[in-house]
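For reference, each letter of the sequence shown is one residue, going 39 to 395 in our numbering. See structure below.
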Amino acid sequence: MKKLIRFFLVSALVSGIILYAISSLNQSEGYSSGNTLTIFNWGDYIDMDLVKQFEKETGIKIVYETFDSNEAMMTKIEQGGTSYDIAVPSEYMIDKMRQEDLLIPLNHNKLPNLKYIDDRFMDLPFDPNNKYSVPYFWGTVGITYNPTLLPNKEFKSWHDLWDPDLKNEIILIDGAREIIGMGLNSLGYSLNDTDPKHLAEAYNKLKKLTPNIKAIVGDENKLLMQNNEAAVAVLWSGDALDIMWENEDIDYVIPEEGSNLWFDNIVIPKTAKNVEAAHQFINFLLDPKIAAQNTEYVAYSTPNKEALKYMDPEMVQDERFYPSPELTDKLEVYENLGKKNLSIYNDLFLEFKMYRK
Ligand code: SPD
39 MKKLIRFFLV
49 SALVSGIILY
59 AISSLNQSEG
69 YSSGNTLTIF
79 NWGDYIDMDL
89 VKQFEKETGI
99 KIVYETFDSN
109 EAMMTKIEQG
119 GTSYDIAVPS
129 EYMIDKMRQE
139 DLLIPLNHNK
149 LPNLKYIDDR
159 FMDLPFDPNN
169 KYSVPYFWGT
179 VGITYNPTLL
189 PNKEFKSWHD
199 LWDPDLKNEI
209 ILIDGAREII
219 GMGLNSLGYS
229 LNDTDPKHLA
239 EAYNKLKKLT
249 PNIKAIVGDE
259 NKLLMQNNEA
269 AVAVLWSGDA
279 LDIMWENEDI
289 DYVIPEEGSN
299 LWFDNIVIPK
309 TAKNVEAAHQ
319 FINFLLDPKI
329 AAQNTEYVAY
339 STPNKEALKY
349 MDPEMVQDER
359 FYPSPELTDK
369 LEVYENLGKK
379 NLSIYNDLFL
389 EFKMYRK
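Dropping the structure here:
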């Protein structure tokens with residue numbers, strides 16, 4: 039009898055230890071969230087039909103949330119209390135997140151479709167060897183304008199925006215790096231400049247643009263331009279193309295003094311609860327046909343070389359949205375300027391927005 043009791047006690051102890059080991063392994067690897075995948079992405083930045091398709095094919099339920107700036111995304115992740123399995127920051131924020139140990143290294147064995155990404159977009163300085171991130175979309179910052187509303191006006195340079203004839207005609211994207219960067223670029227400085235004197239000059243130059251500014255907005259810029267409610271906008275290239283699909287009069291130009299070349303990559307933040315499903319979803323998006331469908335929906339430029347074969351050649355051959363490496367080499371990528379400088383940029387931008395009011 040004693041033997042039997044001892045046998046039951048030992049078996050219970052061993053099973054307990056095994057169950058505990060399995061559950062902590064699951065937790066540390068982030069596999070504990072059953073069948074849900076939580077995605078944190080920019081607004082208007084995926085074809086939701088693909089989200090539904092993934093859910094149907096895998097049985098995984100997707101919870102989808104959006105943000106409108108890298109800074110807003112970062113604040114939410116840093117605050118904690120979230121369980122994002124996937125996020126889509128831009129390059130300088132990826133650099134910051136990896137330095138702050140907020141990202142989970144990717145398992146490339148689970149991403150066989152990574153081979154379809156053009157080498158030009160792999161192994162970039164903000165994430166050597168793509169340890170933490172996979173290219174999603176890329177683009178530029180430029181000027182979109184409507185020549186039918188502004189006959190005889192040419193837009194080649196950032197300076198053209200300061201034309202007194204453009205009173206209350208311009209929409210600016212609501213982004214600190216973009217707008218402070220534009221001010222710096224228009225003065226011939228780098229958009230990664232941190233010299234306080236140059237930043238003050240850029241701020242004063244931006245103040246002079248105030249009479250021409252109609253609004254500083256996020257994705258709403260598209261509707262305002264499509265409906266001819268504004269004639270000019272400073273925005274990201276994909277939004278410009280989306281506007282042009284609805285209103286063929288409109289054009290897009292990358293200013294001659296230079297501008298920003300940016301990369302939005304997919305990462306798995308440390309908040310992840312379903313790392314396995316996150317890899318599955320990333321690999322799904324990297325499939326060339328899926329990537330082509332997604333690109334034809336969101337209008338941004340895809341880094342997926344194989345996907346280009348399934349897309350409308352007119353879109354792929356348009357140098358405004360697929361600029362050559364010779365042109366992109368002349369553009370600047372945002373650098374991670376460090377916490378202090380990033381807050382200087384954010385504060386200046388906030389002050390500029392207050393000044394306008
Ligand atoms: N509709 C929003 C698309 C987001 C584009 N991301 C641009 C990031 C530039 N740093």
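For every residue, glycine included, the Cβ atom is placed at its ideal position computed from N, Cα and C. Every value quoted in this text rests on a predicted model; they were computed, and no experiment measured them.
Checking the 7 Å criterion, the Cβ of W196 is out of range of every heavy atom belonging to the ligand SPD.
Note on M392: under 16 other CB atoms within 10 angstroms of its CB, so exposed under the neighbour-count rule.
For W283, the CB contacts under 8 Å within the same chain, skipping 5 residues up- and downstream, are A337 in chain order. In this structure, the beta-carbon distance from G296 to E239 does not fall below 8 Å.
N79 sits in a strand when the DSSP states are folded into three classes. Here V336 carries a helix assignment [DSSP, helix/strand/coil]. Judged by DSSP secondary structure, T96 falls within the alpha helix (DSSP H) whose first and last residues are 86-96. Taken from the Cβ of D85, every heavy atom of the ligand SPD lies 7 Å or farther away. As DSSP reads the structure, W300 sits in a beta bridge with G177. Using a cutoff of 7 Å, the CB of D82 counts as near the ligand SPD, since one of the ligand's heavy atoms is closer than that. Note on geometry: alpha-carbon atoms of G177 and I98 lie some 31 Å from one another. For L369, there is no enclosing alpha helix (DSSP H), as DSSP marks it with neither H nor E. Within a 10 Å sphere around the beta-carbon of K311 sit 16 or more other beta-carbons, which makes this residue buried.
Taking a contact to require three or more Cβ pairs closer than 8 Å, the stretch 165-176 and the stretch 328-343 qualify as touching.
For D302, the shortest separation between its Cβ and any heavy atom of the ligand SPD lies below 7 Å. Within the model, the alpha-carbon separation for L199 versus F193 is close to 8 Å. When the five nearest sequence neighbours on each side are left out, the beta carbons in the same chain lying within less than 7 Å of the beta carbon of V255 are those of I209, D212, in order along the chain. In the three-state reduction of the DSSP assignment, S128 falls in the strand class, which pools E and B. Here the stretch 288-295 makes no contact with the stretch 121-133; the two share fewer than three CB pairs at distances below 8 Å. Counting along the chain, E286 sits inside no alpha helix (DSSP H), nor does DSSP assign it H or E at all.
Secondary structure note for Y393: it is in no beta strand (DSSP E), and the uninterrupted alpha helix (DSSP H) holding it is 376-394. Counting every other CB atom within 10 Å of its CB across the protein chains shown gives A110 a total below 16, marking it as exposed. Under the DSSP definition of a beta bridge, Y102 partners with I77.
Around the C-beta of P202, fewer than 16 other C-beta atoms lie within 10 Å, and the residue is accordingly described as exposed.
Considering only K114, K245, A316, M349, the residue with the shortest C-alpha distance to A330 is M349.
Taking a C-beta distance under 8 Å as the contact criterion, T104 and G118 do not qualify as a contact pair. Per DSSP, the unbroken beta strand (DSSP E) holding L273 starts and ends at 270-274. Taking C-beta separations shorter than 6 Å and ignoring five residues to either side along the sequence, the partners of Y372 in its chain run Y130, R215, following chain order. A278 carries a helical assignment under DSSP once its states are collapsed to helix, strand and coil.
Judged by beta-carbon spacing, N250 lies within the 8 Å limit of E207, meaning their Cβ atoms are closer than that value.
In the same chain as V89, and ignoring 5 residues on each side of it, the C-beta atoms closer than 7 Å to its own belong to I100, Y102, in chain order.
The criterion of a C-beta distance shorter than 8 Å is not satisfied by A315 and L140. Checking the 7 Å criterion, the Cβ of S128 is within range of a heavy atom belonging to the ligand SPD. CA-CA distance, L365 to N73, rounds to 44 Å.
Within the same chain, P341, K343 come within 7 Å of D156 by CB-CB distance, once the 5 residues on both sides are set aside. For S107, the number of other beta carbons within 10 angstroms of its own is at least 16, and it is reported as buried.
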